Amino acid sequence: MDNVHTPTVGSGATTNGTVQNGGQERASLTELMAKKDSIESELSALGSVLDSHGVNMNTGLTTFDGFPRADIDVAQIRTTRARIIRLRNDYKTVMAMIEDGLHTHHEQLQERSSSTASTSRPAAASGSSQVSDSNQAVEVSFAKVNSIASGSPAETAGLKVGDRVTVFGAANWMNHEKLSKVAQVVSENEGRQVLVKVLRAESAEPISMHLIPRRDWGGRGMLGCHLLPI
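Per full-length UniProt numbering: the sequence shown ends with 230, consecutive numbering throughout.
Next up, the structure:
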């Protein structure tokens, strides 16, 4: 039987733990987004490995007198942590490439739209539609909904376990600062609507909703859900 604690190595996104730069610059946005999703998936799986041992990236692995702890698989945890570190570096590289690609892609769309606008208004409308479709296609998630309390503001708004958050008020994948920006948005908007956008497995399009943080819903916090950074 396979060892459920053994981390798996995803294919396609990385090779020998590092992003291959030669040729990646020519990769399409679709390919880069696929690599991003692959890395996210493997990071989630590796995070589950650490969870199964009851540790995180910072948990001590030795006893007070310097010996390896006997209650956990120290070698397995060290291997998993090393892989996570490599994948996080790969993820930063891929995300930077996506950001550069988006800027270039949007500039091209704007140039195309501007050139066709002088010909006909319908053509300009088509260019505008392409920009909109492109923006939808490149929604980047930065947090995953891990749990939701019954009757909470999160449930009322329509959030579901497994949703991947791309926008939470002013917070997005480029500025969330390990979700601290989300906490700031929540504290600054108690009792007011906050725009939330998510990607959901069964939906081909991003889903938008309005969540109202509040304390009086009968549970802990103002959201009633647990978010995990991706």
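We treat Cβ as the ideally placed atom computed from N, Cα and C, and that holds for glycine. Because the structure is a prediction, the values reported are computed rather than measured.
Cβ-based burial, residue 144 [other Cβ within 10 Å; buried from 16]
Here residue 144 is taken as the residue at index 144 of the sequence shown, counted from 1. Result: buried.
I need the DSSP call for residue 208, collapsed to helix, strand or coil.
If you number the sequence shown from 1, residue 208 lands on position 208. Residue state, collapsed to three classes: strand.
Would DSSP call residue 215 helix, strand or coil?
By 1-based counting over the sequence shown, the position of residue 215 is 215. Here residue 215 sits in coil by DSSP.
Going along the chain, which residues of its own chain have a beta-carbon closer than 7 Å to the beta-carbon of residue 195, five neighbours each way excluded?
Here the question's residue 195 lines up with position 195 in the sequence shown. Apart from the 5 residues on each side of it in sequence, residue 195 sits with its Cβ closer than 7 Å to the Cβ of 167, 169, 208, 210 in its chain, given in chain order.
Count the other CB atoms, across all protein chains shown, that sit within 10 Å of the CB of residue 68; report buried if there are 16 or more and exposed otherwise.
Here residue 68 is taken as the residue at index 68 of the sequence shown, counted from 1. Under this definition residue 68 is an exposed residue.
Rounded distance between the beta-carbons of residue 72 and residue 141, thought under 8 Å
One-based indexing of the sequence shown puts residue 141 at position 141. One-based indexing of the sequence shown puts residue 72 at position 72. Incorrect: roughly 31 Å between the Cβ atoms, too far for contact.
Can we say the region 149-169 touches the region 210-222, given the rule of at least three CB pairs closer than 8 Å?
Look at the beta carbons and you see the region 149-169 touching the region 210-222: at least three pairs across the two are nearer than 8 Å.
State the Cα-Cα distance for the pair residue 50 and residue 85, rounded to the nearest angstrom.
Here residue 50 corresponds to residue number 50 of the sequence shown, with the count starting at 1. Here residue 85 corresponds to residue number 85 of the sequence shown, with the count starting at 1. Roughly 13 Å separates the two Cα atoms.
Whether residue 81 touches residue 57 by CB criterion (8 Å)
In the sequence shown, the residue the question calls residue 81 occupies position 81. In the sequence shown, the residue the question calls residue 57 occupies position 57. Result yes, Cβ atoms of residue 81 and residue 57 sit closer than 8 Å.
Residue of 184, 41, 162 minimising C-alpha distance to residue 172:
For the purposes of this step, residue 172 is taken as residue 172 along the sequence shown, with counting starting at 1. Nearest C-alpha to residue 172: 184.
Assuming residue 186 and residue 227 make a contact with CB atoms under 8 Å, what is their CB distance in whole Å?
The count along the sequence shown starts at 1 and reaches residue 186 at position 186. The count along the sequence shown starts at 1 and reaches residue 227 at position 227. Not a contact, Cβ separation roughly 10 Å.
C-alpha gap between residue 29 and residue 39, whole angstroms:
Sequence index remark: in the sequence shown, residue 29 carries index 29 (1-based). Sequence index remark: in the sequence shown, residue 39 carries index 39 (1-based). Those two C-alpha atoms are separated by around 15 Å.
Applying the criterion that 16 or more other CB atoms from any shown protein chain within 10 Å of the CB defines a buried residue, is residue 100 buried or exposed?
In the sequence shown, residue 100 corresponds to position 100, counting from 1. Residue 100 is exposed by the Cβ-count criterion.
Under a Cβ-count criterion, where at least 16 other Cβ atoms within 10 Å of its own Cβ denotes burial, should residue 133 be classed as buried or exposed?
Counting from one through the sequence shown, the residue named residue 133 turns up at place 133. Annotation note: pLDDT 43 at residue 133 (below 50); position unreliable, no value reported.
8 Å contact criterion, which residue 161 and residue 146 should meet: CB distance rounded:
For the purposes of this step, residue 161 is identified with residue 161 of the sequence shown, where counting begins at 1. For the purposes of this step, residue 146 is identified with residue 146 of the sequence shown, where counting begins at 1. Sure, about 7 Å apart at Cβ, within 8 Å.
For residue 197, which residues of its own chain have a beta-carbon under 6 Å away from its beta-carbon, when the five flanking residues on both sides are left out?
Along the sequence shown, read from residue 1 onward, the residue named residue 197 stands at position 197. These residues qualify, in order along the chain: 166, 167, 206, 208.
Cα separation between residue 54 and residue 201?
Taking the sequence shown and counting its residues from 1, one reaches residue 54 at position 54. Taking the sequence shown and counting its residues from 1, one reaches residue 201 at position 201. C-alpha separation (whole angstroms): 28 Å.
For residue 191, which residues of its own chain have a beta-carbon under 7 Å away from its beta-carbon, when the five flanking residues on both sides are left out?
For the purposes of this step, residue 191 is taken as residue 191 along the sequence shown, with counting starting at 1. The residues are 212, 214.
Taking the alpha helix (DSSP H) that residue 183 falls in, what are its first and last residues?
Looking up residue 183 in the sequence shown gives position 183. 180-188 is the span of the alpha helix (DSSP H), which, as asked, contains residue 183.
Spatial neighbours of residue 163 within its chain, please: CB distance less than 6 Å, with the 5 preceding and 5 following residues excluded, ordered by chain position.
Against the sequence shown, residue 163 aligns to sequence position 163. So the qualifying residues of the chain are 145, 198, 200.
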